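**Q**
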């Protein structure tokens, strides 16, 4: 596994991965042409998404085999509940979405599909299943942010989405991505077998498709 | 709770319930005008759905408070794994869908959304949360079957879907529906409070909407 | 893994395994000298134990990766809820323990410790963790029964425990033992790595010690 | 429920509660006569206990119905993993127990019994079941600490256990106790019914007995 499990999973699911990371929604972020209503719809659902992701990291604490794994997962819960949610509420406010609106939102089916798939896979399987199901989101956003930040085709001046791109391209988020990939590799040392690869790849493919559906949700909502 | 908890939940979510039980897909079953490809797509996904529902009943055995609840949930697992799946494979064969095709299907996102929502709600909540999440499917199909079977507008001669309607209108399925409603009421005696009603109603509404999406999936797949 | 994972686990925990399978309680079954009150206490707790084991197999259905694993675990639930519990109630009646007494028993701490450890290990880990935690009971009883049945030192005439020995030495139970070992090996093909061996061996050791405590419970209760 | 659910549970299980909170081990802390080896054995197991309790609070995050419940449970995880464990390691060092020894300890069966019972009850039931199972520990220690701190019979000068008593009698811990009782009452508003009282009382009784066994473990280890 010289390349790392995440890279192998990505290589095994290239068309699906590209359909997600190069989705029309992402292209719209890059050019700045994404309709604002699509982004606002996405932002609102992303608020609910964060709550479910905090639950997934809490599940990872519960499922951990040792204190190091517990503390690593706790960092994930804290990052979401103590920082990201507040940042997100502030960012939503910048986009004209009130905190009160966030609290009374209804979850879109695309949101339910992805988050519950992750939680369920994590409960039925082991910690590696859970982390693989989480990875298209956590790592994919970092990849999208980094690619857009260094692409010449990315509009910077007057692009309303440039702060979004910069956040995911930034050092803090990129470190989180590196940590996640390292954690998957550490789990793989203990729990990966070639015989598991087909199932893990299927989990990865499903999670990636459901992430692409999450982008599509923003466009469809228009 | 003279009316039974299920009836209260339905009454609290009437438009959503009607959108599900009187969906265009259902109307197509009634008139026989549903495109066969839509029905075939639905049948295939329903095979994967049954597997997840067997898991939900297995979860109900695990979560049961006593032997009676365990045996009741076991009956659900057995009904699916030892009877319904075989019937379903045979029924699919009648519709030109080979068993081998069923075994290599990919789950549709609409299928993932509903089934994982149910499993996840059941794991995070208690047995009442689980049964309420299961009820729109289990009881709704019985209501649809019974309504269509006695409606004058239902085409009988030459309706390719008449056996489907008759199965869900039949005594065996109707008894299962009655048992499910009775079980929810029995659980409610122990676990229902008025303060839980909003959450339970939200679970019911979400599950019902995801069931309507499951019908829609068949039409969209065309 | 030519020897099979179960054999490796046993070899890695020989003193603990012997302390369990050659416990004073077992020696008492063999010679017939075990005080009847100890056996009766054990029988009563074993009734409650079966209920928790049925839950463990239900959890295995939920955690299964495919239909074959689901059906295998379902066989375990059915064996307990539809056959073993009834046999156990009948057997208890032969020993003067009324069904009504079984229904109002309080679980002994030794019983809680073992059963909840198994259920918890199974939920937090994967299906292999669960099966390894279950194996000292399921397979160990078969080993004890077989050894006692063919030992010249086992008292046959007038040994009140001879039916117990014959049941676990019998073809039906021995087949169940062989199936369980085969299932662990099948799971190991997919989920075992050398890096997991220490944790799995620890789970096995703990479960085996807690089984020995279960025998001891009967003696201590005198 | 004017008295609060916790008080009702305690009143329903008075002899069991007294056997736990007035256990010989506790009396030994009060008089200073508890053999140091018993206390050291207890301290070591308590280290492993904390890890399982952190998992229980992580489970509470996962099972929470809303953000407020999630944040409350997160406070519990953080208190243990980021503060109590470090304090405990330091306290153990004062008692001559090295950190390295803590990391290679084997869990005592009494420890397994209580912690896995709590985790299992929490997973199978709802958040109220989980909190009720946790309460004899969290609240009981506060009650013991407060009682001993104000009792004239408590030896202060030269009592090697006085810092232990003062910690649990202190404002920080007493606040935690008050918060826990308030949280149980808040959960009860939503999830308590009289019909659940017998099961909840049984959970409480079992957890309390297993806590008493935890004290006894220290004495038996001598």
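Chains as they are written, first to last, in the UniProt record's numbering: chain A, 1 to 222; chain B, 1 to 222; chain C, 1 to 222; chain D, 1 to 222. Every residue, glycine too, gets a C-beta built ideally from N, C-alpha and C. Quick caveat: nothing in here was measured; it's all calculated off a predicted structure.
When burial is assigned at 16 or more other CB atoms within 10 Å of the CB, is residue 90 (chain C) buried or exposed?
**A** Exposed.
**Q** Residues of chain C with CB under 8 Å from residue 196 (chain A), in chain order?
**A** Those within 8 Å of residue 196 (chain A) in chain C are 190, 191.
**Q** Of the choices D:127, D:216, D:173, D:119, whose alpha-carbon is the least far from that of residue 84 (chain D)?
**A** If we check each option's Cα against that of residue 84 (chain D), D:173 comes out closest.
**Q** What separation, rounded to the nearest whole angstrom, lies between the Cα atoms of residue 48 (chain D) and residue 109 (chain C)?
**A** Taking the straight line joining both Cα atoms gives about 19 Å.
**Q** Would you say the region 46 to 62 of chain B touches the region 111 to 120 of chain B, given that touching needs at least three Cβ pairs under 8 Å?
**A** Segments in contact, yes.
**Q** Kindly list, in the order they appear in chain B, the residues whose Cβ is closer than 7 Å to that of residue 199 (chain D).
**A** Under the 7 Å cutoff, chain B gives 65.
**Q** Output the boundary residues of the alpha helix (DSSP H) element that contains residue 78 (chain D).
**A** Start and end: 67 to 78.
**Q** Pick helix, strand or coil for residue 161 (chain B), following the three-state DSSP scheme.
**A** Here residue 161 (chain B) sits in coil by DSSP.
**Q** Could you check which residue in A:10, A:129, A:215, A:170 has the C-alpha nearest to that of residue 59 (chain A)?
**A** With distances taken between Cα atoms, residue 59 (chain A) lies closest to A:129.
**Q** List the residues of chain B that residue 124 (chain D) touches, going by C-beta distances under 7 Å, in chain order.
**A** In chain order: 62, 63.
**Q** Residue 215 (chain D) by DSSP, collapsed to three states: which one?
**A** Three-state result, residue 215 (chain D): helix.
**Q** Can a CB atom of chain A be found closer than 8 Å to the CB of residue 51 (chain D)?
**A** Yes - at least one Cβ of chain A is within 8 Å of the one on residue 51 (chain D).
**Q** For the region 200 to 219 of chain B against the region 2 to 12 of chain C, do three or more pairs of beta-carbon atoms, one drawn from each stretch, fall closer than 8 Å, so that the two count as touching?
**A** Too few Cβ pairs lie closer than 8 Å, so no.
**Q** For residue 182 (chain C), count neighbouring C-beta atoms within 10 Å of its own C-beta (all shown protein chains included) and say buried if the count is 16 or more, exposed if not.
**A** It is exposed - the Cβ of residue 182 (chain C) has fewer than 16 other Cβ atoms within 10 Å.
**Q** Where does the unbroken alpha helix (DSSP H) through residue 63 (chain D) begin, and where does it stop?
**A** Run containing residue 63 (chain D): 36 to 63, per the alpha helix (DSSP H) assignment.
**Q** Mark residue 96 (chain B) as exposed unless 16 or more other C-beta atoms lie within 10 angstroms of its C-beta, in which case mark it buried.
**A** Looking at its Cβ environment, which holds fewer than 16 other Cβ atoms inside 10 Å, residue 96 (chain B) is exposed.
**Q** Taking just the CA atoms, how far does residue 76 (chain A) sit from residue 188 (chain A)?
**A** Rounded to the nearest angstrom, the two C-alpha atoms are 19 Å apart.
**Q** Got a sec, what are the start and stop residues for the alpha helix (DSSP H) residue 196 (chain B) sits in?
**A** Neither: residue 196 (chain B) is in no alpha helix (DSSP H) and is coded neither H nor E.
**Q** Under the three-state reduction of DSSP, which class applies to residue 222 (chain A): helix, strand or coil?
**A** Here residue 222 (chain A) sits in coil by DSSP.
**Q** For the region 104 to 119 of chain A, which residues have a beta carbon sitting closer than 8 Å to at least one beta carbon of chain B?
**A** From the region 104 to 119 of chain A, only 107, 109, 110, 112, 113, 116, 117, 119 have a Cβ closer than 8 Å to chain B.
**Q** Compare the C-beta of residue 213 (chain B) with all C-beta atoms of chain A and state if any pair is closer than 8 Å.
**A** So, interface residue.
**Q** Assuming contact is defined by CB atoms lying nearer than 8 Å, are residue 44 (chain C) and residue 105 (chain C) in contact in what I supplied?
**A** Yes, the pair counts as a contact, with Cβ atoms nearer than the cut-off.
**Q** Of the residues A:211, A:197, A:222, A:39, which one's Cα is nearest the Cα of residue 11 (chain A)?
**A** Of A:211, A:197, A:222, A:39, the residue nearest in Cα terms is A:197.
**Q** Where does the unbroken alpha helix (DSSP H) through residue 272 (chain A) begin, and where does it stop?
**A** Since the first residue of chain A shown is 1 and the last is 222, residue 272 (chain A) is not available in this structure.
**Q** For residue 58 (chain A), would you say it is in contact with chain D, using Cβ-to-Cβ distances shorter than 8 Å as the test?
**A** Yes, because at least one Cβ of chain D sits closer than 8 Å to the Cβ of residue 58 (chain A).
**Q** In the DSSP assignment, the alpha helix (DSSP H) including residue 185 (chain C) goes from what residue to what residue?
**A** Unbroken alpha helix (DSSP H) run through residue 185 (chain C): 171 to 191.
**Q** What three-state label does DSSP hand residue 97 (chain D) in the structure shown?
**A** Here residue 97 (chain D) sits in coil by DSSP.
**Q** In three-state DSSP terms, what is residue 119 (chain B)?
**A** Note: residue 119 (chain B) maps to helix in three-state DSSP.
**Q** Report the CB separation of residue 62 (chain B) from residue 55 (chain C) in whole angstroms; it is logged as a contact under 8 Å.
**A** So it is a contact: roughly 5 Å between Cβ atoms.
**Q** Output needed for residue 13 (chain A): all residues of its chain with C-beta closer than 7 Å, excluding positions within five of it in sequence on either side, in chain order.
**A** The answer, listed in chain order, is 201, 204, 205, 208.
**Q** Where does residue 88 (chain B) fall in DSSP's three states?
**A** Residue 88 (chain B): helix per DSSP, three-state reduction.
**Q** Specify whether the region 20 to 31 of chain D and the region 65 to 82 of chain D touch according to this definition: at least 3 beta carbon pairs, one from each stretch, less than 8 Å apart.
**A** Touching, no.
**Q** Mind pulling the chain C residues with CB within less than 8 Å of residue 210 (chain D)?
**A** What residue 210 (chain D) touches in chain C: 109, 112.
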